[in-house]
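**Student:**
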Amino acid sequence: MCPAPWFVATALSRHAPNSYRPTHSTGTQPSTAVRPTGFQPAVFKIALVIAAVMLFCQPSAFAGARHFTFLYEAPTAAPGSFEIENYATTRFANAFTDAVFRHELEIGITEHFQASIYFANWDYTRSRENRGAHYGSSSLELIYNLTNPVAAPVGVSLYQELSAGRRTFESETKLIAQKNFGPLILAYNLTLEAEWEDAGLREHNGEVQQAFGASYELSPRVSVGAEMLHEILLPAWRSSEAENNFFLGPNVSYRGTGWFATVTALAQTTRTEGEPDYQVRLIFGVSL
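Its first residue numbered 145, the sequence shown is counted upward by one per residue in the numbering used here.
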């Protein structure tokens, strides 16, 4: 019998620092610089344990599983299918840590079109200034698949997400590309984000993001790979204030009977102040 998927989240949470300050997508810098200790070795030890456990588990693979957590793949959900996906992302940086959660209902509409509802995008904060859970927004996500990554030279999909909450509105548009070479899966996402915040939505910011991923299926159940993010933050859409961030790290995915779990651990290579030094994301999906 395989261990319960909550083992991953429990193990990761035990290695989080006790005090932190939340960061903002615009790159607001904390006033102190205290790098979290003990995290990096723990993350990779946990990843090795997860991979070893997965290799010895025997249930059949879940077809709707995701190989990446910071990238989307080109294929869409099967018509009439329903799936619940839960996201948990913990970000560690100089003098702050925050945890962000999303809860998605994914619905396959046609062979090429799927829709998703994110009922709650929220975070948990514990710091000197703030403590507790905070609701951020809810979202509607639409994905249309143009070409298949196996049959066509390149699989391509178009993505649009709209999020709204108290004093916030966000639009996220993606171009998704993917190519499969047998057990090797290569993916690329180009993303444009626009965000309006504050009273009257007067504050506006943008972000351009590129994401690359490679995943190799060791078996029908287990795959391992790597992901890379390149973020260009545009406060008030001013290119003169643009900030470039790079993140790189490994991932591991397991597909069980009617469920899957995928974990990615990223490290920042640019050492930008006010941005995460490390990010760990878990996606746990269940077919309904």
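For every residue, glycine included, the Cβ atom is placed at its ideal position computed from N, Cα and C.
Predicted model only: the values in this text are computed from it and were never measured.
By the three-class DSSP mapping on this structure, what secondary structure does Ala-355 have?
**Tutor:** Here residue 355 refers to the residue found at position 211 when the sequence shown is read from its first residue. If DSSP states are grouped into helix, strand and coil, Ala-355 belongs with the strands.
**Student:** Identify, in the order they occur along the chain, each residue of the same chain with its Cβ nearer than 7 Å to the Cβ of Val-178, setting aside the five sequence neighbours on each side.
**Tutor:** Locating residue 178 in the sequence shown gives position 34, where the first residue counts as 1. Interpretation of Val-178 is limited by its pLDDT of 41, a score under 50 that renders its predicted location unreliable; no figure is taken from the coordinates.
**Student:** Is Ala-295 helix, strand or coil when you go by DSSP?
**Tutor:** Indexing the sequence shown from 1 puts residue 295 at position 151. The answer is coil: DSSP assigns Ala-295 none of H, G, I, E or B.
**Student:** For Gln-322, which residues of its own chain have a beta-carbon under 6 Å away from its beta-carbon, when the five flanking residues on both sides are left out?
**Tutor:** By one-based count along the sequence shown, residue 322 stands at place 178. Excluding residues within five positions, the ones whose Cβ falls inside 6 Å are Glu-217, Ala-218, Pro-293, Gly-299 and Ala-331.
**Student:** Given a threshold of 16 other Cβ atoms within 10 Å of its Cβ, counted over all protein chains shown, does Arg-425 qualify as buried or as exposed?
**Tutor:** Position 281 of the sequence shown holds residue 425. By the neighbour-count rule (16 or more Cβ atoms within 10 Å), Arg-425 is buried.
**Student:** Indicate whether Tyr-288 and Leu-302 have their beta-carbon atoms separated by less than 8 Å.
**Tutor:** Position 144 of the sequence shown, counting from 1, holds the residue named residue 288. Position 158 of the sequence shown, counting from 1, holds the residue named residue 302. The Cβ-Cβ distance between Tyr-288 and Leu-302 falls below 8 Å.
**Student:** Using DSSP with H/G/I as helix, E/B as strand and the rest coil, what is Glu-417?
**Tutor:** In the sequence shown, counting from the first residue as 1, residue 417 sits at position 273. Three-state result, Glu-417: coil.
**Student:** Measure from the alpha carbon of Glu-341 to the alpha carbon of each residue in Tyr-398, Lys-318, Ala-370 and Ala-308, then state which is nearest.
**Tutor:** Residue 341 sits at position 197 when you count from the first residue of the sequence shown. Selected option, being the one with the closest Cα: Ala-308.
**Student:** Measure how close the beta-carbons of Glu-339 and Glu-314 come, nearest whole angstrom, since I'm counting them as under 8 Å.
**Tutor:** Locating residue 339 in the sequence shown gives position 195, counting from the first residue. Locating residue 314 in the sequence shown gives position 170, counting from the first residue. Contact holds; Cβ gap of about 5 Å.
**Student:** Beta-carbon within less than 6 Å of His-348's beta-carbon, same chain only, minus the 5 sequence neighbours each way: which residues are those?
**Tutor:** For this step, residue 348 is matched to residue 204 along the sequence shown. Counting only Cβ-Cβ distances below 6 Å, and skipping sequence neighbours, we find Trp-340.
**Student:** In the structure shown, what three-state DSSP assignment does Ala-343 receive?
**Tutor:** Within the sequence shown, residue 343 is the residue found at index 199, counting from 1. It is helical.
**Student:** Are the beta-carbon atoms of Ile-251 and Ala-243 separated by less than 8 Å?
**Tutor:** The residue you call residue 251 lines up with position 107 of the sequence shown. The residue you call residue 243 lines up with position 99 of the sequence shown. Not in contact: Ile-251 and Ala-243 (Cβ atoms no closer than 8 Å).
**Student:** Can you check whether the CB of Ala-264 is closer than 8 Å to the CB of Phe-404?
**Tutor:** Here residue 404 corresponds to residue number 260 of the sequence shown, with the count starting at 1. Here residue 264 corresponds to residue number 120 of the sequence shown, with the count starting at 1. Going by C-beta atoms, Phe-404 is not nearer than 8 Å to Ala-264.
**Student:** For Thr-291, which residues of its own chain have a beta-carbon under 6 Å away from its beta-carbon, when the five flanking residues on both sides are left out?
**Tutor:** The residue labelled residue 291 in the question sits at position 147 within the sequence shown. Contacts found: Gly-299 and Val-300.
**Student:** Three-state secondary structure (DSSP) at Ser-383?
**Tutor:** As a working mapping, residue 383 is identified with position 239 in the sequence shown. Secondary structure at Ser-383: helix, using DSSP grouped into helix, strand and coil.
**Student:** In angstroms with no decimal places, state the Cα-to-Cα distance between Ile-228 and Leu-215.
**Tutor:** As a working note, residue 228 is residue 84 in the sequence shown. As a working note, residue 215 is residue 71 in the sequence shown. Those two C-alpha atoms are separated by around 18 Å.
**Student:** Indicate, with yes or no, if the ligand GDP has a heavy atom lying under 7 Å from the CB of Asn-230.
**Tutor:** Absent from the structure shown: the ligand GDP. Ligands present: none.
**Student:** Assign Asn-274 to one of three DSSP states: helix, strand, or coil.
**Tutor:** Along the sequence shown, one-based indexing puts residue 274 at 130. Asn-274: coil per DSSP, three-state reduction.
**Student:** Short of 6 Å in beta carbon distance, which residues of its chain neighbour Phe-356, apart from the five on each side in sequence? Order them along the chain.
**Tutor:** By 1-based counting over the sequence shown, the position of residue 356 is 212. Excluding positions up to five away in sequence, the list reads Tyr-332 and Met-372.
**Student:** If you reduce the DSSP assignment to three classes, tell me which class Tyr-360 lands in.
**Tutor:** Here residue 360 corresponds to residue number 216 of the sequence shown, with the count starting at 1. Strand, per DSSP.
**Student:** Quick check on the DSSP output: what are the complete beta strand (DSSP E) runs of length 3 or more inside the region 308-336, in order along the chain?
**Tutor:** 312-325
**Student:** Have a look at Glu-285 and Glu-316 and give me their C-alpha separation to the nearest angstrom.
**Tutor:** The residue labelled residue 285 in the question sits at position 141 within the sequence shown. The residue labelled residue 316 in the question sits at position 172 within the sequence shown. Approximately 9 Å between the Cα atoms of the pair.
**Student:** Relative to the C-alpha of Ser-363, which candidate in Thr-335, Pro-327 and Ser-383 has its C-alpha closest?
**Tutor:** The count along the sequence shown starts at 1 and reaches residue 363 at position 219. The option with the nearest alpha carbon to Ser-363 is Pro-327.
**Student:** Less than 8 Å between the C-beta atoms of Ile-329 and His-211, yes or no?
**Tutor:** As a working mapping, residue 329 is identified with position 185 in the sequence shown. As a working mapping, residue 211 is identified with position 67 in the sequence shown. Going by C-beta atoms, Ile-329 is nearer than 8 Å to His-211.
**Student:** Using alpha carbons as the reference points, say which of His-278, Ile-427, Leu-336 and Thr-213 lies closest to Trp-381.
**Tutor:** As a position in the sequence shown, residue 381 is number 237, starting the count at 1. With distances taken between Cα atoms, Trp-381 lies closest to Leu-336.
**Student:** Tell me the DSSP secondary structure of Ala-338 in three-state form.
**Tutor:** Looking up residue 338 in the sequence shown gives position 194. In the structure shown, Ala-338 sits in a strand (DSSP, three-state: E or B).
**Student:** Below 8 Å CB to CB, which residues in the same chain sit around Val-368 once its five sequence neighbours on both sides are set aside?
**Tutor:** The residue labelled residue 368 in the question sits at position 224 within the sequence shown. So the qualifying residues of the chain are Ala-195, Ser-359, Tyr-360, Leu-362, Pro-394, Asn-395, Val-396 and Ser-397.
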